[in-house]
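Structure first, then comments.
Number of protein chains: 2
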Amino acid sequence: MEDREHPFTSFDYQMMSRAIKLARQGIYTTAPNPNVGCVIAKDGEIIGEGFHFRAGEPHAEVHALRAAAGNTAGATAYVTLEPCSHYGRTPPCAEALIKSQVTRVVCAMQDPNPQVAGRGIRMLQEAGIEVQVGLLEQDAKALNPAFIKRMQTGMPFVQLKMAASLDGRTALKNGVSQWITSPQARQDVQVYRAQAGAILSSSKTVLDDNASLAVRWDELPGALKQNYPEQELRQPARVILDRQQQLTSDLRLYQSGGKVIRIFGENQSTDCGGADIQVPLTESGHLDLYQVLHKLATEHNINHVWVEAGATLAASFIEQALVDELIVYMAPKLMGADGQGVVNLLGLESMDQAINLNIRDVRMVGPDIRLVADIKKNAQIKKE
Amino acid sequence: MEDREHPFTSFDYQMMSRAIKLARQGIYTTAPNPNVGCVIAKDGEIIGEGFHFRAGEPHAEVHALRAAAGNTAGATAYVTLEPCSHYGRTPPCAEALIKSQVTRVVCAMQDPNPQVAGRGIRMLQEAGIEVQVGLLEQDAKALNPAFIKRMQTGMPFVQLKMAASLDGRTALKNGVSQWITSPQARQDVQVYRAQAGAILSSSKTVLDDNASLAVRWDELPGALKQNYPEQELRQPARVILDRQQQLTSDLRLYQSGGKVIRIFGENQSTDCGGADIQVPLTESGHLDLYQVLHKLATEHNINHVWVEAGATLAASFIEQALVDELIVYMAPKLMGADGQGVVNLLGLESMDQAINLNIRDVRMVGPDIRLVADIKKNAQIKKE
Numbered sequence: 001m002e003d004r005e006h007p008f009t010s011f012d013y014q015m016m017s018r019a020i021k022l023a024r025q026g027i028y029t030t031a032p033n034p035n036v037g038c039v040i041a042k043d044g045e046i047i048g049e050g051f052h053f054r055a056g057e058p059h060a061e062v063h064a065l066r067a068a069a070g071n072t073a074g075a076t077a078y079v080t081l082e083p084c085s086h087y088g089r090t091p092p093c094a095e096a097l098i099k100s101q102v103t104r105v106v107c108a109m110q111d112p113n114p115q116v117a118g119r120g121i122r123m124l125q126e127a128g129i130e131v132q133v134g135l136l137e138q139d140a141k142a143l144n145p146a147f148i149k150r151m152q153t154g155m156p157f158v159q160l161k162m163a164a165s166l167d168g169r170t171a172l173k174n175g176v177s178q179w180i181t182s183p184q185a186r187q188d189v190q191v192y193r194a195q196a197g198a199i200l201s202s203s204k205t206v207l208d209d210n211a212s213l214a215v216r217w218d219e220l221p222g223a224l225k226q227n228y229p230e231q232e233l234r235q236p237a238r239v240i241l242d243r244q245q246q247l248t249s250d251l252r253l254y255q256s257g258g259k260v261i262r263i264f265g266e267n268q269s270t271d272c273g274g275a276d277i278q279v280p281l282t283e284s285g286h287l288d289l290y291q292v293l294h295k296l297a298t299e300h301n302i303n304h305v306w307v308e309a310g311a312t313l314a315a316s317f318i319e320q321a322l323v324d325e326l327i328v329y330m331a332p333k334l335m336g337a338d339g340q341g342v343v344n345l346l347g348l349e350s351m352d353q354a355i356n357l358n359i360r361d362v363r364m365v366g367p368d369i370r371l372v373a374d375i376k377k378n379a380q381i382k383k384e
Numbered sequence: 001m002e003d004r005e006h007p008f009t010s011f012d013y014q015m016m017s018r019a020i021k022l023a024r025q026g027i028y029t030t031a032p033n034p035n036v037g038c039v040i041a042k043d044g045e046i047i048g049e050g051f052h053f054r055a056g057e058p059h060a061e062v063h064a065l066r067a068a069a070g071n072t073a074g075a076t077a078y079v080t081l082e083p084c085s086h087y088g089r090t091p092p093c094a095e096a097l098i099k100s101q102v103t104r105v106v107c108a109m110q111d112p113n114p115q116v117a118g119r120g121i122r123m124l125q126e127a128g129i130e131v132q133v134g135l136l137e138q139d140a141k142a143l144n145p146a147f148i149k150r151m152q153t154g155m156p157f158v159q160l161k162m163a164a165s166l167d168g169r170t171a172l173k174n175g176v177s178q179w180i181t182s183p184q185a186r187q188d189v190q191v192y193r194a195q196a197g198a199i200l201s202s203s204k205t206v207l208d209d210n211a212s213l214a215v216r217w218d219e220l221p222g223a224l225k226q227n228y229p230e231q232e233l234r235q236p237a238r239v240i241l242d243r244q245q246q247l248t249s250d251l252r253l254y255q256s257g258g259k260v261i262r263i264f265g266e267n268q269s270t271d272c273g274g275a276d277i278q279v280p281l282t283e284s285g286h287l288d289l290y291q292v293l294h295k296l297a298t299e300h301n302i303n304h305v306w307v308e309a310g311a312t313l314a315a316s317f318i319e320q321a322l323v324d325e326l327i328v329y330m331a332p333k334l335m336g337a338d339g340q341g342v343v344n345l346l347g348l349e350s351m352d353q354a355i356n357l358n359i360r361d362v363r364m365v366g367p368d369i370r371l372v373a374d375i376k377k378n379a380q381i382k383k384e
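Protein sequence lines, in the order shown, are assigned to chains A and B. When you line the first sequence up against the UniProt record's numbering, it's residues 1 to 384, in that order. When you line the second sequence up against the UniProt record's numbering, it's residues 1 to 384, in that order.
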């Protein structure tokens with residue numbers, strides 16, 4: 001996509017780097033919108049900059065133009081994403097840029113939505129603005145993997161959290177399991193939850209621990225809290241598989257402000273509320289997880305689902321190839337060969353049925369290890 | 001131990017660093033001797049240096065004195081370990097240093113053998129040589145953890161290797177298990193084997209795969225092979241628990257040059273050969289592992305045992321608190337909750353019976369993860 005005839009200057013790279021850095025400041029708040037940053041420069045100096053903070057509030061370009069305050073004629077705008085061309089909750093940014101009399105717009109990437117990609121660029125070009133696309137495109141894509149996936153596929157980006165001992169156990173044979181991972185690992189989980197559009201779990205998990213599955217602001221790392229005041233906290237939706245309709249309104253789940261979306265079977269007579277979702281049951285009587293995710297993306301605009309599940313639900317997500325990224329916490333413990341396994345995969349008969357992963361990152365989180373992996377080949381052992 | 005009245009100079013640190021670096025060149029070959037390096041300096045310049053390469057061959061000091069060739073009067077010798085004071089296979093180094101007319105000797109650490117510690121230093125001091133001890137002592141100790149442990153406790157340093165999938169399995173339910181870890185991980189194992197004084201396993205493991213348990217020179221990393229020619233290869237002893245006397249001389253175990261030590265029960269009528277060891281059986285009829293290790297250290301001068309065992313033997317070593325370091329390879333695979341567990345610990349009833357580890361190092365080895373951990377608290381679940 002990079003414009004070969006007009007190679008970018010070192011100054012262009014600096015400005016787009018800055019815009020990408022700004023965009024990152026929105027990662028806890030912009031959902032379901034993408035993270036976008038914008039820098040406006042003139043005569044070799046930054047005259048305005050901004051980033052998108054929260055859906056419904058101004059886009060990055062508008063913040064940057066406001067900061068440049070009328071000095072924008074002849075300037076260059078660096079934007080991490082193609083400016084929007086449609087009237088949504090805010091007027092189109094392409095129009096605002098045209099009005100500002102900037103003469104050049106550099107975009108890191110096109111809009112990932114195939115329905116609208118290129119429209120903003122065309123609108124700018126038709127107004128006589130020079131437009132270049134593709135500067136630091138990979139970095140810009142890395143800002144919004146979940147938004148991009150939803151736009152391109154109608155499915156959310158799915159992270160599956162697992163936590164086990166070093167020998168792959170979540171509980172002793174007798175079920176005892178409290179405090180396997182460290183406070184540092186639990187804090188790390190809060191950071192992941194805070195970035196997600198939805199936290200998905202089962203009513204069993206909710207009921208077992210009376211879990212709120214919310215982001216607890218005071219458990220976020222100190223550096224994050226400094227830049228993210230408690231009153232700005234965005235609670236992800238909590239999506240609970242509740243085929244047997246066991247959730248009751250007195251649970252802690254309902255006491256943390258965020259939306260709760262219950263998932264029921266399609267032919268069940270339910271007290272299905274506005275936010276709830278009904279999906280078909282599979283032949284084996286389970287909720288169709290593909291449909292759950294698809295409806296979350298298309299009906300609830302959820303880009304990014306963080307799954308905290310027991311061993312059986314985790315296995316279903318993996319077997320059905322619905323997981324983009326595994327986040328595995330391993331506590332430095334051995335819990336015994338008769339303990340409960342972390343993923344309830346069963347019945348593998350040859351090694352080529354094993355689930356193969358690519359490990360993308362491994363590091364210590366306090367005394368624990370955290371792996372980030374994606375799934376290389378899904379054996380599709382058990383078709384639902 | 002550091003001499004506070006005579007603080008070391010920056011030049012002293014440089015020289016001892018160099019000596020420690022030299023000492024490391026012996027890590028594949030000196031067993032059962034320690035790794036030792038020596039630098040001789042005069043008027044701010046190195047005039048000779050050397051390291052101990054192989055038991056029976058000259059010590060580091062002798063190599064360094066030879067290299068300095070008669071120019072040693074008034075020089076300083078930097079040695080990573082207190083010079084020896086006794087006649088062994090070579091004459092005492094303290095005597096060689098006295099004859100060389102060096103006027104100052106700096107040792108990183110005393111001899112760890114409590115029977116002889118300080119004797120070499122005293123011999124030097126009595127000859128009028130200025131002696132200082134403790135420069136870079138921690139680094140010098142890190143050269144010889146196994147030698148130091150044997151000298152101080154009469155027990156070898158024990159590393160237990162484990163290899164499993166990310167969900168803690170070594171085989172599928174049906175026993176299939178070929179190629180769990182990568183070629184890179186298996187090469188890494190060769191490097192560990194090459195450093196050990198003995199590789200310990202069971203006759204079952206040997207018979208199942210007709211395993212040689214030897215160091216295969218051509219599988220060592222290229223950089224190592226360059227500095228360690230094939231003809232210098234030292235084969236660790238292979239120590240095989242063989243209570244039922246199943247080993248036969250046609251096995252590959254006997255075809256790789258190194259010594260094989262079989263372990264039998266004490267009251268068995270055996271064809272126990274010269275190198276073999278008999279130990280008491282425990283109440284449950286197993287070979288007493290503490291006695292095995294103690295005899296390897298005291299009767300065979302083995303500093304460092306590398307254990308490659310199945311899940312049951314691994315559990316016994318861990319339960320009996322005989323492991324200094326766990327080396328865990330984890331392949332990026334999920335093999336299923338009905339697969340075979342990596343450590344056959346059984347019957348834990350509360351989380352405080354779990355085996356707690358400290359993770360010392362975690363890194364990628366090819367596509368796999370390698371952890372190095374020590375055991376924090378041994379629950380001693382099952383007394384043998």
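Every residue gets a Cβ at the ideal spot worked out from N, C-alpha and C, and that includes glycine.
#1: Should B/Asn35 go down as buried or exposed, given a rule of 16 or more other Cβ atoms within 10 Å for buried?
#2: So if I threshold CB-CB distances at 9 Å, which residues from the segment 344 to 362 of chain A count as touching chain B?
#3: At a Cβ threshold of 8 Å, is A/Ile327 touching chain B?
#4: Tell me whether A/Tyr228 sits in a helix, a strand or coil according to DSSP, three-state version.
#5: Going by the CB atoms, is the gap between A/Val131 and A/Leu124 shorter than 8 Å?
#6: Determine, for B/Leu166, whether the minimum Cβ-Cβ distance to residues of chain A falls below 8 Å.
#7: Under 8 Å, Cβ to Cβ, is there at least one residue of chain A near B/Trp306?
#8: Since A/Ala60 and A/His304 are thought to touch, with beta carbons under 8 Å apart, how far apart are those beta carbons, to the nearest angstrom?
#9: By a C-beta neighbour count over all protein chains shown, 10 Å radius and 16 as the cutoff for buried, is B/Phe11 buried or exposed?
#10: Provide the residue span of the alpha helix (DSSP H) that contains B/Val206, from first to last.
#11: Tell me the DSSP secondary structure of A/Arg89 in three-state form.
#12: Going along the chain, which residues of the segment 173 to 187 of chain A sit with their C-beta nearer than 9 Å to a C-beta in chain B?
#13: Name the chain A residues whose beta carbon is nearer than 8 Å to that of B/Pro367?
#14: Would you call A/Tyr78 buried or exposed, if buried means 16 or more other Cβ atoms sit within 10 Å of its Cβ?
#15: Any residues in the segment 219 to 234 of chain B with a beta carbon nearer than 9 Å to a beta carbon of chain A? Which ones, in chain order?
#16: Threshold first: 3 residues or longer. Then list the beta strand (DSSP E) segments lying entirely within the segment 235 to 266 of chain A, N to C.
#17: How many Å lie between B/Gln101 and B/Ala64 at the Cα?
#18: Is the number of C-beta pairs between the segment 212 to 219 of chain B and the segment 239 to 255 of chain B that are closer than 8 Å three or more?
#19: Does the beta carbon of B/Ala311 come closer than 8 Å to any beta carbon on chain A?
#20: Let me know if A/Glu230 comes out buried or exposed under the rule of 16 or more other beta-carbons within 10 Å of its beta-carbon.
#21: Following the continuous beta strand (DSSP E) through B/Ser17, name the residue where it begins and the one where it ends.
#22: Report the three-state DSSP secondary structure of A/Tyr192 (helix, strand or coil).
#23: So what does DSSP say about A/Trp179, is it helix, strand or coil?
#24: Look at the alpha carbon of A/Gly128 and the alpha carbon of A/Glu82, and state the distance between them as a whole number of angstroms.
#25: What in chain B is Cβ-close to A/Lys333, meaning under 7 Å?
#26: Give the straight-line distance between the Cα atoms of A/Lys99 and A/Ala275, rounded to the nearest whole angstrom.
#27: Could you work out which residues of chain B lie near A/Val342, taking near to mean beta carbons separated by less than 7 Å?
#28: Thinking just about the alpha-carbon of each residue, which of A/Ser177, A/Val362, A/Val292 is nearest to the one in A/Asp209?
#29: Do the segment 314 to 331 of chain B and the segment 162 to 177 of chain B make contact, defined as three or more Cβ pairs closer than 8 Å?
#30: Check the Cβ of B/Ala337 against every Cβ in chain A and list those closer than 7 Å, keeping chain order.
#31: According to DSSP, is B/Thr312 part of a helix, a strand, or is it coil?
#32: Tell me, which residues are paired with A/Lys42 by DSSP?
#33: Apart from the five residues just before and just after B/Ser85, which ones in its own chain have a Cβ nearer than 7 Å to its Cβ?
#34: Determine the chain A residues that contact B/Ala373 at a beta-carbon separation under 8 Å, and present them in chain order.
#35: Cβ of B/Met155 less than 8 Å from any chain A Cβ?
#36: Compare the beta carbon distance of A/Met167 and B/Gly341 with 8 Å and say whether it is the shorter of the two.
Judging by the given coordinates:
#1: What you label residue 35 of chain B is simply residue 35 of the second sequence in a count that begins at 1. Burial call: buried.
#2: So the close ones are Asn344, Leu345, Leu346, Gly347, Leu348, Glu349, Ser350, Met351, Gln353, Ala354, Ile355, Asn356, Leu357, Asn358, Ile359, Val362.
#3: Locating residue 327 of chain A in the first sequence gives position 327, where the first residue counts as 1. Residue contact with chain B for A/Ile327: absent (no Cβ-Cβ distance below 8 Å to any residue of chain B).
#4: The residue given as residue 228 of chain A occupies position 228 in the first sequence. In the three-state scheme derived from DSSP, where H, G and I count as helix and E and B as strand, A/Tyr228 is classed as coil.
#5: Reading the first sequence from its first residue, position 124 is the one you call residue 124 of chain A. Reading the first sequence from its first residue, position 131 is the one you call residue 131 of chain A. Contact flag set, yes.
#6: Residue numbering aside, residue 166 of chain B sits at position 166 when the second sequence is read from its first letter. Yes - at least one Cβ of chain A is within 8 Å of the one on B/Leu166.
#7: Start at 1 with the first residue of the second sequence, and residue 306 of chain B comes out as number 306. Not closer than 8 Å to any Cβ of chain A, the Cβ of B/Trp306 fails to qualify, so no.
#8: Taking the first sequence and counting its residues from 1, the one referred to as residue 60 of chain A is at position 60. Taking the first sequence and counting its residues from 1, the one referred to as residue 304 of chain A is at position 304. Contact between A/Ala60 and A/His304 fails: their C-beta atoms lie close to 19 Å from each other, not under 8 Å.
#9: Within the second sequence, numbered from 1, the residue matching residue 11 of chain B stands at position 11. Exposed, because fewer than 16 other Cβ atoms sit within 10 Å of the Cβ of B/Phe11.
#10: On the second sequence, residue 206 of chain B is found 206 positions in, with the first residue counted as 1. B/Val206 -> alpha helix (DSSP H) spans 203 to 209.
#11: Position 89 of the first sequence, counted from the first residue, corresponds to residue 89 of chain A. In the three-state DSSP reduction, A/Arg89 falls in the coil class, being neither helix nor strand.
#12: Contacts with chain B (Cβ-Cβ distance below 9 Å) from the segment 173 to 187 of chain A involve Lys173, Asn174, Val176, Ser177, Gln178, Trp179, Ile180, listed in chain order.
#13: Within the second sequence, numbered from 1, the residue matching residue 367 of chain B stands at position 367. Chain A residues near B/Pro367: Asn358, Ile359.
#14: Position 78 of the first sequence, counting from 1, holds the residue named residue 78 of chain A. Classification for A/Tyr78: buried.
#15: Legend: CB atoms of the segment 219 to 234 of chain B lying less than 9 Å from CB atoms of chain A are not found in any residue.
#16: Here the runs fully enclosed are 237 to 241, 260 to 265.
#17: In the second sequence, counting from the first residue as 1, residue 101 of chain B sits at position 101. In the second sequence, counting from the first residue as 1, residue 64 of chain B sits at position 64. Each residue's alpha carbon lies about 14 Å from the other.
#18: The segment 239 to 255 of chain B and the segment 212 to 219 of chain B touch, with three or more beta-carbon pairs separated by less than 8 Å.
#19: Walking along the second sequence from the start, residue 311 of chain B turns up at place 311. The beta carbon of B/Ala311 sits closer than 8 Å to some beta carbon of chain A.
#20: Residue 230 of chain A sits at position 230 when you count from the first residue of the first sequence. That one is exposed.
#21: Position 17 of the second sequence holds residue 17 of chain B. Looking at the DSSP string, B/Ser17 is not in any beta strand (DSSP E); the run it does join, the alpha helix (DSSP H), is 10 to 23.
#22: Translated into positions along the first sequence, residue 192 of chain A becomes position 192. The answer is helix: DSSP assigns A/Tyr192 an H, G or I state.
#23: Counted from its first residue, the first sequence places residue 179 of chain A at position 179. DSSP places A/Trp179 in the coil class of the three-state scheme, outside both helix and strand.
#24: If you number the first sequence from 1, residue 128 of chain A lands on position 128. If you number the first sequence from 1, residue 82 of chain A lands on position 82. Looking at the two C-alpha atoms, the distance is approximately 16 Å.
#25: What you label residue 333 of chain A is simply residue 333 of the first sequence in a count that begins at 1. Under the 7 Å cutoff, chain B gives Ala354, Ile355, Asn356, Leu357.
#26: Taking the first residue of the first sequence as 1, we reach residue 99 of chain A at position 99. Taking the first residue of the first sequence as 1, we reach residue 275 of chain A at position 275. Each residue's Cα considered, the two are about 40 Å apart.
#27: Within the first sequence, the letter at position 342 stands for residue 342 of chain A. Ordered by position in chain B, the residues that pass the 7 Å Cβ test against A/Val342 are Asp167.
#28: Translated into positions along the first sequence, residue 209 of chain A becomes position 209. Ranking A/Ser177, A/Val362, A/Val292 by Cα distance to A/Asp209 puts A/Ser177 first.
#29: Yes, they touch.
#30: As a first step, residue 337 of chain B is located in the second sequence; it is residue number 337 there, counting from the start. Neighbours of B/Ala337 on chain A, chain order: Ala311, Gly341, Val343, Asn344, Leu345, Leu346.
#31: One-based indexing of the second sequence puts residue 312 of chain B at position 312. The answer is helix: DSSP assigns B/Thr312 an H, G or I state.
#32: To locate residue 42 of chain A, count along the first sequence from 1; it is residue 42. Its beta-bridge partners are A/Glu45.
#33: Within the second sequence, numbered from 1, the residue matching residue 85 of chain B stands at position 85. Residues of the same chain with a CB within less than 7 Å of the CB of B/Ser85, apart from the 5 flanking positions on each side, are Pro92, Ala94, Val116, Arg119, Gly120, Met123 in chain order.
#34: Reading the second sequence from its first residue, position 373 is the one you call residue 373 of chain B. Result: Leu166, Pro332.
#35: Position 155 of the second sequence, counting from 1, holds the residue named residue 155 of chain B. With 8 Å as the cut-off, B/Met155 does not count as an interface residue toward chain A.
#36: Counted from its first residue, the first sequence places residue 167 of chain A at position 167. Counted from its first residue, the second sequence places residue 341 of chain B at position 341. For the record, residue 167 of chain A in the displayed sequence is Asp; it is not Met. Going by C-beta atoms, A/Asp167 is nearer than 8 Å to B/Gly341.
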